[in-house]
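Taken in order, the sequence shown gives residues 15 to 89; the numbers are from my numbering.
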Amino acid sequence: MTNKTEENNDIVFYCKDCEELVDTNRVGNKYVYTCKKCGTKNVAFGTKKSISSFFHLDDDKEEEKVEEKGEAEKV
15 MTNKTEENND IVFYCKDCEE LVDTNRVGNK YVYTCKKCGT KNVAFGTKKS
65 ISSFFHLDDD KEEEKVEEKG EAEKV
């Protein structure tokens, strides 16, 4: 069982254009990432806690989006 602090310390990627947590592709050997959804390089990364705090994300809404995404991929 993971505790709350471990979940908040996971690195996540936030697309500023899509305005949600996304999967990314790394560009070269630099800390530059592109969003797999829209393809732009307008991606921020950090701990889940820092990204949620900086971009004022509601944890419940983000978790619902991730769950919906997982269900859509299964179909």
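Ideal placement from N, C-alpha and C gives every residue a C-beta, glycine not left out.
Note that this is a predicted model, so its numbers are computed, not measured.
- In terms of CA proximity to residue 27, 59 leads the group 70, 69, 59, 21.
- Annotation: residue 39 to residue 32 spans about 15 Å, alpha carbon to alpha carbon.
- In the DSSP assignment, residue 47 forms a beta bridge with 40.
- Under the three-state reduction of DSSP, residue 68 is assigned to helix.
- Membership of residue 60 in the beta strand (DSSP E) is indicated by the continuous run 57-61.
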